[in-house]
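So the structure is just underneath, and the comments pick up after that.
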Amino acid sequence: MDRDSGVTVRTGVDVTGLLGVGGHVTGVAARIRGGGTIRASAPLTVGADGIRSTVARLVGAPVLRLGRTASAIVYGYAPAPATGYEWFYVPGATAGVIPTHDGLACVWAGMPAARFASDRGDGVDTLFAQVLAEAAPGLELGDRVGPLRGFPGVPAVLRRPAGPGWALVGDAGYVKDPLTAHGITDALRDAELLARSVLTGSAYGRIRDLLARPLLTVAEEIAGYRWDLSRVRTLLRAESAAMKAEVRMLRRLDEADLLAA
Numbered sequence: 002m003d004r005d006s007g008v009t010v011r012t013g014v015d016v017t018g019l020l021g022v023g024g025h026v027t028g029v030a031a032r033i034r035g036g037g038t039i040r041a042s043a044p045l046t047v048g049a050d051g052i053r054s055t056v057a058r059l060v061g062a063p064v065l066r067l068g069r070t071a072s073a074i075v076y077g078y079a080p081a082p083a084t085g086y087e088w089f090y091v092p093g094a095t096a097g098v099i100p101t102h103d104g105l106a107c108v109w110a111g112m113p114a115a116r117f118a119s120d121r122g123d124g125v126d127t128l129f130a131q132v133l134a135e136a137a138p139g140l141e142l143g144d145r146v147g148p149l150r151g152f153p154g155v156p157a158v159l160r161r162p163a164g165p166g167w168a169l170v171g172d173a174g175y176v177k178d179p180l181t182a183h184g185i186t187d188a189l190r191d192a193e194l195l196a197r198s199v200l201t202g203s204a205y206g207r208i209r210d211l212l213a214r215p216l217l218t219v220a221e222e223i224a225g226y227r228w229d230l231s232r233v234r235t236l237l238r239a240e241s242a243a244m245k246a247e248v249r250m251l252r253r254l255d256e257a258d259l260l261a262a
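Following the working numbering, the numbering of the sequence shown begins with 2 at its first residue and continues without gaps.
In structure tokens, the structure reads:
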């Protein structure tokens, strides 16, 4: 974040409430860790505060769509294989390798949330090894760096992304299953769309929903693990098509009529 551009950065602060007049949000009230409070006014209050968004809760952002399935993920980091990005699918189990930095890759093993809940008692290391062996039996990894982390899975949520004086971006407004590995893209996309909306008066919510719903639909079915190999191939093609359509639309952002209300 560029302080030189006029941004004031405050860390160690927890939002406790919203300021408002007649249903229009005009800023936040917050507690300073260690003592004290602050009140900050703004023409637009943006909730970029994740799945359990405080801003979404305080404004009562309506849920437009709630998912019914969820997948769980166990992931860690290991030396990156020479093959680069890889995804693996077998009925009941998935896995993937995502190169990151310093010669490491994020290696993950996915499963139905119910399996994670029932089998994690044996330890996430054991569960990770079991699922990885099922989904990617030929995958060879070097010694893992750091601990494994587990995500138990949460159902998808699509919330109304904006209202009088407030807006939501990223997971605060739209959570879908991590099997798509598309969450950071969603967050950056929403931030760009909202910024353009502020500058041009364009329809942030309409475009966000147009891009979000197709991918949410296919992610929901993949996360349900009720597919065979033939079906998951169809779903992955649909996922790819939704992502390509999103890329095409984002490339056209500078066309004056794209974000017209």
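A virtual CB, placed ideally from N, CA and C, is assigned to each residue, including glycine.
Q.
Output needed for Ala224: all residues of its chain with C-beta closer than 7 Å, excluding positions within five of it in sequence on either side, in chain order.
A. Taken in chain order, the residues that qualify are Thr70, Ala71, Ser72, Asp178 and Leu180.
**Q.** contact_flag[the segment 47-64, the segment 167-176] where n(CB pairs < 8 Å) is 3 or more
**A.** Verdict: yes, contact present.
Q) In its own chain, which residues sit with a C-beta less than 7 Å from the C-beta of Tyr205, not counting the 5 before and 5 after it? A) When the five nearest sequence neighbours on each side are left out, the beta carbons in the same chain lying within less than 7 Å of the beta carbon of Tyr205 are those of Pro162, Ala163, Ala168, Leu194, Leu195 and Ser198, in order along the chain.
Q. Among Leu189, Asp144, Arg232 and Glu240, which residue has its Cα nearest to the Cα of Leu251?
A. Checking every option, the nearest Cα to that of Leu251 belongs to Leu189.
Q) Which one of Gly97, Val75, Tyr76 and Tyr90 has the shortest CA to CA distance from Thr84? A) Per the Cα distances, Gly97.
Q: Would you kindly work out how many angstroms separate the C-alpha atoms of Leu59 and Ala136, rounded to a whole number?
A: In this structure, the alpha-carbon of Leu59 lies about 42 Å from that of Ala136.
Q | Per-residue burial, Tyr86 [other beta carbons within 10 Å of its own, 16 or more giving buried] | A | Per the 10 Å Cβ criterion, exposed.
Q. If you check the beta carbons only, do Asp126 and Leu149 fall under 8 Å apart?
A. Yes, the Cβ-Cβ distance between Asp126 and Leu149 is below 8 Å.
Q) Where does Arg253 fall in DSSP's three states? A) Reduced to three states, the DSSP call for Arg253 is coil.
Q: Answer yes or no: do Ala246 and Val219 have a C-beta to C-beta separation smaller than 8 Å?
A: Going by C-beta atoms, Ala246 is not nearer than 8 Å to Val219.
Q) Going by C-alpha distance, which of Ala114, His183 and Ala192 is nearest Ile99? A) The option with the nearest alpha carbon to Ile99 is His183.
(Q) Strictly by DSSP, which residues pair up with Val16? (A) Paired residue(s): Ala31.
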